[in-house]
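A.B. asks:
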Amino acid sequence: MLKLVDFLCVCVLLLLFFVSPALSEVADNLQVKYFAETDLLSIEADNHSLDLILGQIALQTGMDISMSPLAERNVSLSVPAMPLKNALKKLTKDSHASYMLIYGHSADMKLVPIGMKIFPQGSFAQNDLKPVVPVELEAMTQTKMALSLQPEQDLSREDSDDIRNLVQQRWQERLEQMPEEKREMIELRVLQQAERQREKRQKRAEKEEQLAQQKALLDRKRKAKEEQLRAHNPIQYEQKKQQQKAKLERDKELFYQYNPPK
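Here you go:
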């Protein structure tokens with residue numbers, strides 16, 4: 001089995017080749033913002049799927065969130081920035097759902113929520129719970145978030161580490177708690193996806209190189225014809241150059257007519 005560090009390195013490589021559609025699929029008017037530096041969460045939802053809202057929370061916080069399909073409903077609510085635990089409780093209350101929070105320990109041994117289970121109101125049956133985000137996607141997302149804080153941000157190194165750790169500690173503890181078989185399955189799927197994306201990237205690069213070579217060949221042929229024309233018929237050559245210049249000016253005018261500078 002790959003070591004934990006090796007697994008996270010694989011996730012980094014995969015992120016360079018792969019952008020999941022789930023990450024780019026953000027519903028209109030839905031705003032879920034997690035402020036890692038203060039561990040605050042805000043939500044603005046207008047008739048949005050509870051599953052979608054929880055998925056965004058899971059990706060941003062590193063929490064392991066699963067939900068019963070029977071608890072799914074559309075939700076409209078406004079949650080101002082408040083501590084993560086309190087925001088989650090308000091979300092489930094306004095969604096008329098029952099919940100169970102799972103806690104772990106941060107690096108300074110403080111209790112932090114690392115998981116949540118959502119049930120229909122009045123029920124705690126766990127036989128039909130499903131993760132709101134595939135764990136492979138979470139692996140890639142958490143690695144990306146760990147790398148997202150750049151040195152030029154207005155944060156001290158210590159503050160930057162604290163922000164990174166708050167989310168990563170949740171994810172690390174979840175990885176450590178996973179059964180070996182499940183972690184190996186995740187590693188295998190990530191590696192397979194990385195290989196598929198590597199092959200796609202290689203084919204795209206080969207096609208781009210082929211197109212570049214074809215363009216270079218056409219450019220050489222065009223220049224050779226121009227040189228031949230200039231040598232044998234300078235007047236016609238100059239007329240052609242003037243025509244090309246006039247066409248370019250017309251094209252520019254037409255472009256700015258429909259795309260005026262701001």
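Its first residue numbered 1, the sequence shown is counted upward by one per residue in full-length UniProt numbering.
Ideal Cβ placement from N, Cα and C applies to all residues, glycine included.
#1: Report the residue ranges of all beta strand (DSSP E) runs contained in full by the stretch 44-99; include only those spanning at least 3 residues, in chain order.
#2: Using the C-alpha atoms, what's the distance from Y34 back to R222?
#3: Compute the beta-carbon to beta-carbon distance between L84 and L41, rounded to the nearest angstrom, for a pair I have assumed lies under 8 Å.
#4: Is it true that the stretch 57-67 meets the stretch 106-124, where meeting means three or more beta-carbon pairs spaced less than 8 Å apart?
#5: Below 8 Å, can you find three or more Cβ-Cβ pairs linking the stretch 177-188 to the stretch 73-89?
#6: Count the other CB atoms, across all protein chains shown, that sit within 10 Å of the CB of Q56; report buried if there are 16 or more and exposed otherwise.
#7: So what does DSSP say about F124, is it helix, strand or coil?
#8: For a test of the three-state rule: what should DSSP assign to V112, helix, strand or coil?
#9: Would you kindly report the start and end of the unbroken alpha helix (DSSP H) that includes P234?
#10: Take E44 and list the residues in its own chain whose beta-carbon comes closer than 6 Å to its own, dropping the five residues that flank it on each side.
#11: Quick one: Cα of I102 to Cα of G122, how far?
#12: Considering only the alpha carbon of each residue, which of L88, K200 and E37 lies closest to V53?
#13: Name, in chain order, the residues that DSSP records as bridge partners for Q31.
C.D. replies: Based on what the coordinates show:
#1: DSSP runs (the beta strand (DSSP E)) wholly in the stretch 44-99: 64-67 and 74-83.
#2: If you take the alpha carbons of R222 and Y34, they lie about 56 Å apart.
#3: Going by Cβ atoms, the distance from L84 to L41 rounds to 5 Å, so yes, they are a contact pair.
#4: Yes, the stretch 57-67 touches the stretch 106-124.
#5: The stretch 177-188 vs the stretch 73-89: no contact.
#6: So Q56 ends up on the buried side.
#7: For F124, the three-state secondary structure derived from DSSP is coil.
#8: Strand.
#9: Counting along the chain, the alpha helix (DSSP H) containing P234 begins and ends at P234 to Y258.
#10: Listed in chain order, the non-local C-beta contacts of E44 below 6 Å within the same chain comprise Q31 and S78, local neighbours out to five positions each way being set aside.
#11: The alpha-carbon atoms of I102 and G122 are separated by roughly 18 Å.
#12: The sequence given here has Ile at residue 53, not Val. Among L88, K200 and E37, the Cα nearest to that of I53 is on L88.
#13: Per DSSP, E44.
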